[in-house]
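**Q** Following this message is one structure expressed as structure tokens.
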Amino acid sequence: MVRTMSGAKSNLPACTQTPILVHPAIQIKSTSQMKGTSQIKGTVQVKSTSVWVNRIAKIASGSIAGILLGGCVSATVDEMTFMEPTEGIGDSSVVILGRRHAPDYDTEFEFIECIGDHIRSGDKSITVLHEIEFINMLYPWFEPRTAPMRTQDIDKLLQQPPVADKFAEIKLEYMIWVDGTTIETNSSGSMTCGVGPGGAGCFGFGTWGNTSDYEATIWDFTDQTEVGRISANTTGQSYMPAVVVPIPIIAPVQGTACDSLGEQLLKYLSANH
Amino acid sequence: MKWSSAVIVAMALSACGSKQVIVQGNFPTPIIEKHSKTLAVVYTDEFANHEFFDQAAGRKESDWLVKTGDAQVQFWDTLLTGMFDQVVHIRSHDDLHEHEDSIDAVIIPYVVDLQYTIPTHTNVKIYEIWMRYRFRLVTLDAIHDHDNGDLSYDPETSFADWQLTAYGKTPTAFLQSDEEAVNLAAIVALRDAGANFVTSFERVNEVKAWLDGRGVERYEKGKK
Chain A
5 MVRTMSGAKS NLPACTQTPI LVHPAIQIKS TSQMKGTSQI KGTVQVKSTS
55 VWVNRIAKIA SGSIAGILLG GCVSATVDEM TFMEPTEGIG DSSVVILGRR
105 HAPDYDTEFE FIECIGDHIR SGDKSITVLH EIEFINMLYP WFEPRTAPMR
155 TQDIDKLLQQ PPVADKFAEI KLEYMIWVDG TTIETNSSGS MTCGVGPGGA
205 GCFGFGTWGN TSDYEATIWD FTDQTEVGRI SANTTGQSYM PAVVVPIPII
255 APVQGTACDS LGEQLLKYLS ANH
Chain B
125 MKWSSAVIVA MALSACGSKQ VIVQGNFPTP IIEKHSKTLA VVYTDEFANH
175 EFFDQAAGRK ESDWLVKTGD AQVQFWDTLL TGMFDQVVHI RSHDDLHEHE
225 DSIDAVIIPY VVDLQYTIPT HTNVKIYEIW MRYRFRLVTL DAIHDHDNGD
275 LSYDPETSFA DWQLTAYGKT PTAFLQSDEE AVNLAAIVAL RDAGANFVTS
325 FERVNEVKAW LDGRGVERYE KGKK
């Protein structure tokens, strides 16, 4: 079975799908914001007569609204795949690994984990090995210096009996290499924050853009051939207006790239999608 | 007000203080076919307590002290144990005589150089550590013990002497301090050193000859 979708693109229009809180970093950031808000709410209940506290309560509700806002993201996905496992991968396993040999960037561990989680949640029958556990299990053969760059290198790895035994033990069927990163493309604006006896606050406006560019290369480990490439390019602009309290309007650029790549890989690997 | 003043002063002082990293991490055992040899390891005091100090170049920068000694010993113990049938440590006169009949060779590692960069230095959002190692292999009879318990050896008696480099980098990350990032870069560098050591070990001619049982030529020439 050969399936080719060379150059097939799905241009997702801006603001039609902006899953909030997908990027791990943003999750942490937003969680922190939510925690701050709930603490302020608690203070309001105890000291409801304080004018200063009432002011903060208003600000808190504003920041909740801000957290619920999301910036706009546009995504382009290209896919070219072959020899799709139409019956699924059975009890075999898959590993998703990031490329980290480039001098100026590393593919983020969180991004790889995000794709793995997407596939696991989409089809619970697919065993996706944890990246760091896999790299440690096969140390030192998947370090940036030693990781196989071409499918022909798999054979060299398998010539070492302990390595071959380990691969047989984990029943690895697909090795998926993800190369790319998310960068900040532009930023502008200014914000001033101050602290005084009567409280704290910020005033100003900031905006910044992010671009994610990732390519997943699928290797059939048994046949030692490349069976597909999927790339995802996403861009988005985030905003942070501040009138007393900053209101982040975050574009989930990396999260959208994760969802896009994860979904295409899930469709490739799963018999149910 | 007193508290807020104290906090502001503390923040101002911490901005240009000294930063210290004691490298800590867990290292995996290598998955390779073990060599059927018994290897002894001598960690010199300089190696086991290795640290790197860099004085701040300006008021905006910080002094840096990076202590890698404990992590070095932990890492090389794990790596060598995974590479050889048996690994023993030679720390004293007693160790030397206890294992004198079983040891095939003694390895002595050195950290020759360590350099680091942080985003403040380069304006690139990457923390980097670069290390250069030197390894010497000697036979057991090249190690001498003294009346005071110290051990010594003549570097000229080594039958294999080679160097390798290691590099580790880690990008900036949300909620990650400079110290955490430098620690992570050091761990990546140590792992890279191991990967380089494993893949280049048998390419050193003298090592290859020793592993193949073809003798330890340079040392024997030295004896003559």
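From first to last, the protein sequence lines stand for chains A and B.
Here the first sequence stands for residues 5 to 277, where the numbers follow my numbering.
Here the second sequence stands for residues 125 to 348, where the numbers follow my numbering.
For each residue, glycine too, the CB sits at the ideal point set by N, CA and C.
1) So, with DSSP's three-state summary, where would you put histidine 277 of chain A?
2) Taking C-alpha atoms, which residue in A:Phe209, A:Thr155, A:Met87 lies nearest to alanine 246 of chain A?
3) Is isoleucine 232 of chain B near valine 166 of chain B, with beta carbons less than 7 Å apart?
4) Work out the CA separation of valine 230 of chain B and tyrosine 257 of chain B for me, nearest whole Å.
5) If you run the structure through DSSP and keep just helix, strand and coil, what is glutamate 127 of chain A?
6) Among residues of its own chain, excluding the 5 on either side of methionine 195 of chain A, which ones have a beta-carbon nearer than 6 Å to its beta-carbon?
7) Measuring only between beta-carbons, confirm whether glycine 65 of chain B sits less than 7 Å from chain A.
8) Below 8 Å, can you find three or more Cβ-Cβ pairs linking the segment 216–232 of chain A to the segment 170–186 of chain A?
9) Within 7 Å (strictly less), CB to CB, does tyrosine 218 of chain A reach chain B?
10) Can you find a C-beta in chain B that's less than 7 Å from the C-beta of threonine 260 of chain A?
11) In this structure, how does DSSP classify proline 245 of chain A when only helix, strand and coil are distinguished?
12) Which of the three DSSP states is assigned to serine 374 of chain B in this structure?
13) I'd like the list of long-range same chain contacts for isoleucine 156 of chain B, defined as Cβ closer than 8 Å, with 5 residues on each side in sequence excluded.
14) Closer than 8 Å, Cβ to Cβ, to anything on chain A: give me those residues from the segment 318–338 of chain B, in chain order.
15) Aspartate 316 of chain B touches chain A at which residues, Cβ-Cβ below 8 Å?
16) Any beta carbon from chain A within less than 7 Å of proline 154 of chain B's own beta carbon?
17) Between which residues of its own chain and isoleucine 123 of chain A is the CB-CB distance below 7 Å, once the five residues before and five after are set aside?
18) Please determine whether the Cβ atom of tryptophan 181 of chain A lies at a distance below 6 Å from any heavy atom of the ligand NAP.
19) What separation, rounded to the nearest whole angstrom, lies between the Cα atoms of isoleucine 222 of chain A and aspartate 336 of chain B?
20) How about leucine 99 of chain A: is its C-beta nearer than 7 Å to some C-beta of chain B?
21) Could you pull the start and end residues of the beta strand (DSSP E) that proline 233 of chain B belongs to?
22) Near isoleucine 63 of chain A, which residues of its chain fall below 6 Å by C-beta distance, leaving aside the five closest residues on each side in sequence?
23) Would you tell me roughly how many angstroms separate the C-alpha atoms of tyrosine 178 of chain A and glutamate 170 of chain B, rounded to the nearest one?
24) From the beta carbon of asparagine 81 of chain A, is the nearest beta carbon of chain B less than 7 Å away?
25) Give the residues of chain A in contact with valine 248 of chain B, contact being defined as C-beta atoms less than 9 Å apart.
26) Check for me: the alpha helix (DSSP H) holding lysine 170 of chain A runs from which residue to which?
27) In the structure shown, what three-state DSSP assignment does threonine 145 of chain A receive?
28) Check whether the Cβ of asparagine 140 of chain A lies closer than 7 Å to any Cβ atom in chain B.
**A** The answer reads as follows:
1) Note: histidine 277 of chain A maps to coil in three-state DSSP.
2) A:Phe209
3) yes
4) 16 Å
5) According to the sequence displayed, residue 127 of chain A carries aspartate and not glutamate. Coil, per DSSP.
6) Cys206, Gly208, Gly210, Ala246
7) The requested residue 65 of chain B is not part of the displayed model; chain B covers only 125 to 348.
8) The segment 216–232 of chain A vs the segment 170–186 of chain A: in contact.
9) no
10) no
11) strand
12) There is simply no residue 374 of chain B to check, as chain B begins at 125 and stops at 348 in what is shown.
13) Take isoleucine 156 of chain B, set aside five residues on each side of it, and the residues of its chain with a beta-carbon closer than 8 Å to its own are Gly206, Met207, Val322, in chain order.
14) Gly318, Ala319, Asn320, Val322, Thr323
15) Glu147, Pro148, Arg149
16) yes
17) Ile130, Val132, Gly266, Leu269, Leu270, Leu273
18) As far as ligands go, the structure on display features none, and thus does not contain the ligand NAP.
19) Rounded to the nearest angstrom, the two C-alpha atoms are 40 Å apart.
20) For the record, residue 99 of chain A in the displayed sequence is valine; it is not leucine. Look at valine 99 of chain A: its C-beta is not under 7 Å from any C-beta on chain B.
21) Start and end: 229–241.
22) Any reading at isoleucine 63 of chain A needs caution, since the residue's pLDDT is 45, under 50, leaving its predicted position unreliable; the model's value is listed next. Within the same chain, isoleucine 63 of chain A has close Cβ partners Val248, Val249.
23) 46 Å
24) According to the sequence provided, residue 81 of chain A is valine. The question's asparagine does not apply to it. Taking Cβ atoms only, chain B never reaches closer than 7 Å to valine 81 of chain A, which makes this a no.
25) Asp108
26) 165–174
27) At residue 145 of chain A the sequence reads tryptophan, which differs from the threonine that was named. Note: tryptophan 145 of chain A maps to coil in three-state DSSP.
28) It does: the Cβ of asparagine 140 of chain A has a partner Cβ on chain B nearer than 7 Å.
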